[in-house]
Each structure stands twice: as C-alpha cells, then as structure tokens.
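In our numbering, the protein residues as written are 52 to 270.
Here's the structure we're looking at; comments come further down.
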Ligand code: AP5
Ligand code: MG
C-alpha cells in the first residue's frame, strides 16, 4: 500500500507515520529524515543543495527526485511505502505518479492532517527526537533520553520560530495545492481534523485507522 501523509509542519506526519508503519509493517519514508542524515555529512554531494533547509525553504524538485527516485524499485519497499513529507509540490506528485505507474501501482490513499497554527507552533518548539532511530517526542512527556537507544534527545535546528514561520509559508504556497491535485485525480483522500489541543496522537491514530478501515484498506 502506498500512503501519502500530507499536513503542515508539526501536524504529526512523522508521529502518525511511525505508528502506522509499525501497525501495517510497511516502511515509513521521511524525506526530512533522509535530508538531515545527508546534512550530517559535509562531504556528501548533495550537502550544499540542502542548506536551504536551515532557512525553512523547500529543497529543489530535482534534488528531491534524485534522493527519492529509485526507492520504489528497492526490494525493501516492495510491499509499499508510507511517504512522509513527499510529495511536497505538484511536480513531485506528478513524478511519483509516473514512477508508480511504471510499476503498475498508484497512491492508495492520502491522509491530510489539519491542525491549527497555534497548536503547531507549540508542538514544534517543544519537539525532541532521537538522533539514532528518529523517534519523535515532546518536552511535555518529560523524557530526555530515547527509551530504545539510550541516547540524549535533540532539538532540530529548523525548530526555531523564524524558520518555522518560513516553513508554514512554504507549505501554504507550494504544498497546499496538492489537496486539489489529489482530489481531482480521485485518489482516496482522508482529512483528519485535529483542532483540540487535548487530542492525543493515539486518538488521531485511531481515527486514521477507522477511516482506512472504512475505505477497505485495512482489516
Ligand atoms: P520535514 O522533516 O518533513 O519537516 P516538516 O514538514 O516541517 O514537518 P515536521 O517533521 O516538522 O512535522 P511533522 O508533521 O512530522 O510532525 P511530528 O510528528 O514531528 O522536512 C524538513 C525540511 O526538509 C523541509 O522544511 C524542507 O526544507 C525539506 N524537505 C523535506 N521533504 C521535502 C520535499 N519533498 N521537497 C522539498 N523539500 C523537502 O510532530 C511534531 C510534534 O508534535 C512532536 O513533538 C510530536 O510529539 C507532537 N505531536 C504530534 N502529534 C501530536 C498530538 N496529536 N498531540 C500532541 N502532540 C503531538
Ligand atoms: Mg516530520
């Protein structure tokens, strides 16, 4: 199954993607995580072209397609992929559709997570993650070390207010048009509205699961 997680920074794409991956046993592919790994290696050929991430700007479609392209033929991904943060532009969505078509597949469902801007900011400023397994936490959980890897959690360099606001703008102008793109292509489309700050990640996951079940995509 090929799932696309759509939603602004902090909406919970990574959190929900990791949970779904465990439940469905389908790999979770976060382009943001892939890029941050490359940014840890100044000798990598794409290191310079990824510097825009530090300003909250999107990476160019060419570079994104270079990193993601080909994954579809990787045997690790033969049962599907949970895409997190990809596609992020119409050009990327078209490239993905073409790649999937070439192997006789298609995007099975888009999960679009809507969260109010005020909630997003609080989530991003308090986010911490494991540099090793990439598991996501929040300072409100009171955890400073990854329970699985026993490594101190870190804060992402792009989780500062100035960069977050730029990321919101990039989302509105370049990624939000994908909502219309997928609706027009009649792809299964689920909108999850998370407007109450009391809504837990587990309850969001339950709603995602119920909606996938309603579409006959899970049992
Ligand atoms: P990326 O890493 O994808 O960042 P993003 O889209 O800004 O999204 P985030 O990872 O910040 O948020 P999320 O939705 O995953 O939320 P999370 O689950 O962590 O991309 C980074 C950069 O790379 C981009 O800015 C761009 O430059 C570049 N890039 C990546 N892909 C690209 C592409 N395809 N094209 C071009 N450029 C690309 O949750 C956030 C926090 O909230 C956590 O602390 C979590 O614990 C908490 N939380 C989650 N759900 C809940 C809940 N229900 N209740 C309470 N807290 C919750
Ligand atoms: Mg993420």
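Cβ atoms here follow ideal geometry from the backbone N, Cα and C, with glycine treated the same way.
In this structure, how does DSSP classify residue i when only helix, strand and coil are distinguished?
i: residue 248; result: coil
i: residue 209; result: coil
i: residue 133; result: strand
i: residue 163; result: strand
i: residue 154; result: coil
i: residue 242; result: strand
i: residue 55; result: strand
i: residue 259; result: helix
i: residue 237; result: coil
i: residue 216; result: helix
i: residue 62; result: coil
i: residue 267; result: coil
Just how far apart, CA to CA, sit residue i and residue j?
i: residue 127; j: residue 52; result: 13 angstroms
i: residue 178; j: residue 103; result: 21 angstroms
i: residue 232; j: residue 117; result: 22 angstroms
i: residue 269; j: residue 185; result: 26 angstroms
i: residue 115; j: residue 192; result: 33 angstroms
i: residue 93; j: residue 87; result: 11 angstroms
i: residue 207; j: residue 139; result: 20 angstroms
i: residue 254; j: residue 262; result: 12 angstroms
i: residue 251; j: residue 156; result: 33 angstroms
i: residue 143; j: residue 173; result: 29 angstroms
i: residue 187; j: residue 70; result: 11 angstroms
By Cβ distance below 8 angstroms, which residues in the same chain neighbour residue i in space, the five residues on each side in sequence not counted?
i: residue 95; result: 89
i: residue 258; result: 243
i: residue 154; result: 123 and 124
Just to confirm, does residue i get its C-beta within under 8 angstroms of one of the non-hydrogen atoms of the ligand MN?
i: residue 182; result: Annotation note on the ligand MN: not contained in the displayed structure, which lists the ligand AP5 and the ligand MG as its ligands.
For residue i, which residues from the same chain have a beta carbon less than 7 angstroms from its beta carbon, with the 5 sequence-adjacent residues on both sides left out?
i: residue 203; result: 195 and 196
i: residue 190; result: 177 and 179
i: residue 246; result: 167
i: residue 225; result: 109, 139 and 140
Can you give me the Cβ contacts of residue i inside the same chain, cut-off strictly under 6 angstroms, excluding the 5 residues immediately before and after it?
i: residue 215; result: 175
i: residue 239; result: 160 and 266
i: residue 82; result: 136 and 137
i: residue 183; result: 200 and 202
Which whole-angstrom value describes the C-beta separation of residue i and residue j, a residue pair presumed to lie in contact below a C-beta threshold of 8 angstroms?
i: residue 241; j: residue 162; result: 5 angstroms
i: residue 137; j: residue 119; result: 6 angstroms
i: residue 164; j: residue 63; result: 6 angstroms
Checklist entry - Considering only residues of the segment 66-146, which uninterrupted beta strand (DSSP E) runs meet the minimum length of 3 residues and lie entirely inside it, listed in chain order? => result 79-81 and 132-135
Next on the checklist: Please give the ranges of any beta strand (DSSP E) in the segment 170-210, keeping only runs that are unbroken, at least 3 residues long and fully inside the region.
Outcome noted: 178-180 and 187-189
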